[in-house]
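Enquirer: Could you have a look at this structure, given as structure tokens, before my questions?
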Amino acid sequence: MSAPLVVFGGTFDPPHIGHLLAAECARWQAGAREVRFIPAGDPYRKAAREVSPAEDRLAMTRLAILHNDALTVDDREVLRRGPSYTADTLAEYHAEGEQNLVFVIGIDALADMPNWKLPARIGELARLLVALKGEDASAIAPLARAAGLARIPEPLDMPALGISGTLIRGRVRAGKPIRYLVSPAVAGYIEEHGLYR
Ligand code: ATP
Ligand code: MG
Numbered sequence: 001m002s003a004p005l006v007v008f009g010g011t012f013d014p015p016h017i018g019h020l021l022a023a024e025c026a027r028w029q030a031g032a033r034e035v036r037f038i039p040a041g042d043p044y045r046k047a048a049r050e051v052s053p054a055e056d057r058l059a060m061t062r063l064a065i066l067h068n069d070a071l072t073v074d075d076r077e078v079l080r081r082g083p084s085y086t087a088d089t090l091a092e093y094h095a096e097g098e099q100n101l102v103f104v105i106g107i108d109a110l111a112d113m114p115n116w117k118l119p120a121r122i123g124e125l126a127r128l129l130v131a132l133k134g135e136d137a138s139a140i141a142p143l144a145r146a147a148g149l150a151r152i153p154e155p156l157d158m159p160a161l162g163i164s165g166t167l168i169r170g171r172v173r174a175g176k177p178i179r180y181l182v183s184p185a186v187a188g189y190i191e192e193h194g195l196y197r
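At position 178 of the sequence shown the residue is numbered 178 (my numbering), and the sequence of numbers has no breaks.
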């Protein structure tokens with residue numbers, strides 16, 4: 001069995017300290033060397049709202065992880081174009097020899113999993129760690145069952161941070177500070193490129 005690899009999929013619009021803390025805690029909990037961020041190319045689950053161009057989200061994700069060698073970025077979903085399906089990406093990893101996968105997912109994303117492509121397959125391809133945002137860990141089991149997962153995933157051991165991309169975009173739009181909610185380089189990118197205005 002290969003060494004555990006943590007994979008973290010998301011829109012990352014923008015990547016924020018909740019993502020970074022979840023990644024670091026998941027790496028520790030899984031005993032992994034590396035956490036791979038995988039920005040979604042065409043996040044079909046977010047079609048209802050305007051999502052920033054994949055190039056911007058990829059660039060911000062690269063900036064967010066700059067100062068931690070254990071965090072890396074995989075651009076395959078961006079390069080693939082078309083809708084991004086986690087089940088496909090995890091299957092590709094397996095085919096490439098990464099068979100000891102740990103997938104980090106927030107509880108809001110777990111609640112949405114019944115709408116994903118092949119959610120049960122995702123549970124077969126990776127061990128899931130669920131990031132809670134203040135909910136009790138007992139909230140995981142019913143959501144996992146609704147998604148058809150054969151195993152109930154473990155909670156991710158991290159202090160809850162009530163931060164989301166939605167919150168940060170709203171703050172930028174309202175002219176409120178986002179310093180300390182995103183890394184300085186990401187804040188600079190948002191400012192320079194006039195994102196979320
Ligand atoms: P949005 O509000 O646009 O959905 P988001 O903050 O949820 O943004 P995503 O890119 O959608 O960011 O999330 C990627 C993954 O990170 C998802 O599994 C999500 O649940 C998780 N996540 C997001 N914010 C946090 C947080 N504060 N703590 C732990 N996990 C989080
Ligand atoms: Mg989200």
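Every residue, glycine too, gets a C-beta built ideally from N, C-alpha and C.
Residues near the ligand ATP, CB to any non-hydrogen atom under 6 Å, in chain order?
Expert: Those residues, listed in chain order, are G10, T11, F12, D13, G18, H19, A22, I105, G106, D108, A109, A131, K133, L161, I163, S164, G165, T166.
Enquirer: With DSSP as the reference, label T89 as helix, strand or coil.
Expert: Correct three-state label for T89: helix.
Enquirer: In the structure shown, what three-state DSSP assignment does Y20 receive?
Expert: Contrary to the premise, residue 20 reads as Leu rather than Tyr in this sequence. In this structure, L20 counts as helix in the three-state DSSP scheme.
Enquirer: Measuring CA to CA, which of T166, A30, P14 is closest to A126?
Expert: Answer by Cα proximity: A30.
Enquirer: Let me know the beta strand (DSSP E) ranges lying completely inside the segment 107 to 167, each 3 residues or longer, listed in chain order.
Expert: Listed in chain order, they are 126 to 131.
Enquirer: Check whether the Cβ atoms of Y196 and R179 lie closer than 7 Å to each other.
Expert: In this structure, R179 does not lie closer than 7 Å to Y196 by Cβ.
Enquirer: Please work out which residues of its chain come closer than 8 Å, Cβ to Cβ, to I168, disregarding the five sequence neighbours upstream and downstream, and give them in chain order.
Expert: Cβ within range, chain order: P14, H16, I178, L181, V182, Y196.
Enquirer: Can you give me the start and stop residues for the beta strand (DSSP E) that P184 sits inside?
Expert: It is not in any beta strand (DSSP E) - P184 instead sits in the alpha helix (DSSP H) that spans 184 to 192.
Enquirer: From the DSSP output, in three-state form, read off D42 for me.
Expert: The answer is strand: DSSP assigns D42 an E or B state.
Enquirer: Ignore the nearest five residues each way along the sequence and tell me which others in P4's own chain have a CB closer than 7 Å to its CB.
Expert: Answer for P4: A30, G31, A32, N100, V102, listed in chain order.
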